[in-house]
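Quick notes on the structure that follows.
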Amino acid sequence: MPTTPSSTKGRIGVLLVNLGTPDSPQTGDVRRYLNEFLTDARVIDMPAAVRYPLFRGLVVPLRAPKSAKIYQQLWTERGSPLLYHGLDLQKLVQEMLGPDYLVAFGMRYQKPSIESALLQLRDAAVDRIIVLPLFPQYAAASTGSVQEKVMEIVRKWWVVPSISFISTFVDVPGFTGTFATLGKEEMAKHTYDHVVFSYHGIPERHVLKGSHKGYCKLANCCNSYNKNNRYCYRAQCFETSRLLGAALGLSPEQYTTTFQSRLQSRLRDPWLQPYTDEVIKEFPAKGIKNVLAFSPAFVADCLETTIEVGEEFKEIFEEAGGEHWQLVPSLNSHPQWVATVAEMIREN
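Heads up, this note's numbering is the position in the sequence shown plus 93, with the first residue counted as 1.
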């Protein structure tokens, strides 16, 4: 008697991946995290002979104690927000998708590792695997690094199942829709003069290296989102701002797109501009005293949202004469976002 399809098909495996976090806010754990993160060739695209001694020998030892103090401010009773929000999302997406799916969660750096999550799916004999890096805008240093790591691991397996990647979701309505829902909740509490969409920065050379046939000019080529710049990080950020601005009912004059978290001096290594910290210093002199801030490059609250945007930028803005600075929470495990993730998986 022939075997029916239902008896040969396994569950669909889903791998959700975020960037990573130290195991604790202690200097040793932060050092281990930074060593792995900052020696990734897709993050720091220098030759290994330069990258390893420079960052492991100089940058990380100097940076780790300072970063540990910041992580101590971020840490909660549940630990790292990036980790527990990811685990909450995994659990809720699993419940929504049901028994035909197996949802695993991993981090690109440190624990739980991508490898441990993939092994969980392999041991369950899933029929195929859908990988969703939790980065809305594709960048070689984030989504690209996750994709490379997944392929590096599975190429060693004797049996490799079908694997697909969701590389970007800037134009998925539920993504901007959930941010708009959270933003409107804050707008109902206070009147704002202006909105800032602050994205994680990357070196300009990363954008230029990935440019399709030299299309990118780091200028008004990002005024539209099309087949030539679909994987351009800068273009995706501006498209996110347009979509989110529209969802909030804002005109282009009512919001500004900026970039944060640059690692090196712009004089030596230009990063995407305009820089958030420089832009917001100028707002009060222009009569912008009340600002609502979003971090739409992050789907879970973390050091870059809670501390950098929520606290450090607030201090910069107020020192310049600003009166009210409010960060919109990230998507975390909001029900609307959980439903959006589940729908993206089903569609793939």
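Beta carbons: idealized from backbone N, C-alpha and C, even for Gly.
{"Check": "Residue 371 versus residue 192 - alpha carbon distance", "Outcome": "49 Å"}
{"Check": "Where the alpha helix (DSSP H) through residue 349 begins and ends", "Outcome": "Careful: residue 349 lies outside any alpha helix (DSSP H), inside the beta strand (DSSP E) at 348 to 353."}
{"Check": "For residue 259, three-class secondary structure by DSSP", "Outcome": "coil"}
{"Check": "Among 308, 124 and 180, nearest to residue 323 - alpha-carbon criterion", "Outcome": "308"}
{"Check": "DSSP-derived helix/strand/coil call for residue 434", "Outcome": "helix"}
{"Check": "Residue environment, residue 305, which counts as buried when at least 16 other CB atoms sit within 10 Å", "Outcome": "exposed"}
{"Check": "Option nearest residue 251 by Cα separation, candidates 215, 239, 270 and 232", "Outcome": "215"}
{"Check": "Inter-residue spacing [alpha-carbon to alpha-carbon] between residue 222 and residue 276", "Outcome": "34 Å"}
{"Check": "According to DSSP, residues forming a beta bridge with residue 364", "Outcome": "296"}
{"Check": "Spatial neighbours of residue 433 in its chain, beta-carbon cut-off 7 Å, leaving aside the 5 residues before and after", "Outcome": "265, 267, 268 and 271"}
{"Check": "Helix, strand or coil at residue 252 [DSSP, three-state]", "Outcome": "coil"}
{"Check": "Exposure of residue 201, with buried meaning 16 or more beta-carbon neighbours within 10 Å", "Outcome": "buried"}
{"Check": "Three-state secondary structure assigned by DSSP to residue 128", "Outcome": "helix"}
{"Check": "C-beta atoms of residue 111 and residue 393 nearer than 8 Å", "Outcome": "yes"}
{"Check": "Cβ contact (3+ pairs, closer than 8 Å) linking the region 145 to 159 and the region 375 to 385", "Outcome": "no"}
{"Check": "Cβ-Cβ separation, residue 384 to residue 415 (assumed contact under 8 Å), whole Å", "Outcome": "7 Å"}
{"Check": "Status (buried if at least 16 other CB within 10 Å, exposed otherwise) for residue 175", "Outcome": "buried"}
{"Check": "Option in 437, 395, 387 and 260 with minimal Cα separation from residue 168", "Outcome": "395"}
{"Check": "Other residues of its chain near residue 93: CB distance less than 7 Å, five sequence neighbours each side excluded", "Outcome": "With the chain covering only 94 through 441, there is no way to say anything about residue 93."}
{"Check": "Length of the line joining the Cα atoms of residue 336 and residue 318", "Outcome": "11 Å"}
{"Check": "Where residue 427 sits in the DSSP three-state scheme", "Outcome": "coil"}
{"Check": "Residues near residue 116 by beta carbon distance below 6 Å, same chain, minus five either side", "Outcome": "122"}
{"Check": "Residue 440 in three-state terms, based on DSSP", "Outcome": "helix"}
{"Check": "Among 194, 348, 315 and 364, the one whose alpha carbon lies nearest that of residue 354", "Outcome": "364"}
{"Check": "Rounded Cβ spacing between residue 229 and residue 261 (contact assumed at less than 8 Å)", "Outcome": "7 Å"}
{"Check": "Spatial distance of residue 315 from residue 236 (CA atoms)", "Outcome": "20 Å"}
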